[in-house]
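First residue of the sequence shown: 10, per the numbering used here; consecutive thereafter.
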Amino acid sequence: MGTEESRRWILVVQYVVVLGLISLGYYGANAQQVPCYFIFGDSLVDNGNNNNIQSLARANYLPYGIDFPGGPTGRFSNGKTTVDVIAEQLGFNGYIPPYATARGRDILGGVNYASAAAGIRDETGRQLVLHQILFILKIYDFIVIFSSSFCVFVLRNVYF
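Below, the structure written as structure tokens:
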């Protein structure tokens, strides 16, 4: 008889623990996991930084973003980029703004510095990568101090 009662209590405790973990996972998934998110890279994560600069690498016209809310934004995709999905998974409300339009307190939540045609070879935009590296160095202490997250996506679509 004592064994049966012990099993019931163990089952009740397990049930409560599982429910607690499920609710923690559900509510924890909605909370922002890091204070800010910085993105550096090329066209695969560019979300509009090339719209206002003199460059042939632009995506602020159709068919880019044909299924994206609001139409073309400068993303070199039909919809969300990899870093957009990562930002959602980290609990951010909305997308990380491009450096070209980030102002004031927006910057404290993270910035997307990615620029299409960035690369390490002269013909693929040496200055753009150098520009991004300088930004990494400038905000490195900020990233470390505030336990921020950052991604670097460069050279993912270069042909050799």
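Heads up, the beta-carbon is just placed ideally off N, CA and C, and yes, glycines get one too.
### Query
From what residue to what residue does the alpha helix (DSSP H) around I95 run?
On the sequence shown, position 86 is the one that residue 95 refers to. 91-98 is the span of the alpha helix (DSSP H), which, as asked, contains I95.
### Query
Can you tell me whether P78 is buried or exposed, with buried defined as 16 or more other CB within 10 angstroms of its CB?
Position 69 of the sequence shown holds residue 78. Its Cβ having fewer than 16 others within 10 Å, P78 is exposed.
### Query
So F49 is in the beta strand (DSSP E); what residue range does that whole segment cover?
Taking the sequence shown and counting its residues from 1, one reaches residue 49 at position 40. Element bounds for F49: 46-50.
### Message
Using only the alpha-carbon positions, how far apart do V94 and E13 sit?
### Response
Position 85 of the sequence shown, counted from the first residue, corresponds to residue 94. Position 4 of the sequence shown, counted from the first residue, corresponds to residue 13. Taking the straight line joining both Cα atoms gives about 48 Å.
### Query
Any contact of the segment 79-86 with the segment 94-103, i.e. 3+ C-beta pairs under 8 Å?
They do not touch, by the three-pair rule.
#### Entry: Exposure label - N61; buried when at least 16 CB within 10 Å
Taking the first residue of the sequence shown as position 1, residue 61 is located at position 52. Answer is exposed; the Cβ neighbour count stays below 16.
### Spatially closest choice to V43 from I75, N102, L53, D51, by CA coordinates
Your numbering for residue 43 matches position 34 in the sequence shown. Comparing Cα-Cα distances from V43 to each of I75, N102, L53, D51, the minimum goes to N102.
### Message
Please state the DSSP three-state secondary structure of R114.
### Response
The residue given as residue 114 occupies position 105 in the sequence shown. If DSSP states are grouped into helix, strand and coil, R114 belongs with the helices.
### Task
Look at the alpha carbon of P72 and the alpha carbon of Y104, and state the distance between them as a whole number of angstroms.
Working through the sequence shown from its first residue, we reach residue 72 at position 63. Working through the sequence shown from its first residue, we reach residue 104 at position 95. So the alpha carbons of these two residues sit roughly 21 Å apart.
### Task
Confirm, please, whether the CB-CB distance from N56 to T91 is below 8 Å.
Indexing the sequence shown from 1 puts residue 91 at position 82. Indexing the sequence shown from 1 puts residue 56 at position 47. Not closer than 8 Å, so no.
### Between the CA atoms of A40 and A68 - distance to the nearest angstrom
As a working note, residue 68 is residue 59 in the sequence shown. As a working note, residue 40 is residue 31 in the sequence shown. Each residue's Cα considered, the two are about 32 Å apart.
### D76 versus I48 - alpha carbon distance
Position 67 of the sequence shown, counting from 1, holds the residue named residue 76. Position 39 of the sequence shown, counting from 1, holds the residue named residue 48. Their backbone Cα atoms lie some 23 Å apart in a straight line.
### Task
Count the other C-beta atoms from every protein chain shown that fall within 10 angstroms of the C-beta of G88, then say buried if there are 16 or more, exposed otherwise.
In the sequence shown, the residue the question calls residue 88 occupies position 79. By the 10 Å Cβ count, G88 comes out exposed.
### Query
Going along the chain, which residues of its own chain have a beta-carbon closer than 7 Å to the beta-carbon of P106, five neighbours each way excluded?
Position 97 of the sequence shown, counting from 1, holds the residue named residue 106. Excluding sequence neighbours, P106 sits near D115, V120, N121.
### Query
Can you tell me whether G50 is buried or exposed, with buried defined as 16 or more other CB within 10 angstroms of its CB?
Start at 1 with the first residue of the sequence shown, and residue 50 comes out as number 41. With 16 or more Cβ atoms within 10 Å of its Cβ, G50 is classed as buried.
### Query
Who are the near neighbours of S52 in its chain, counting only those whose CB is closer than 6 Å to its CB and skipping five residues on each side?
Within the sequence shown, the letter at position 43 stands for residue 52. Cβ within range, chain order: F85, A125.
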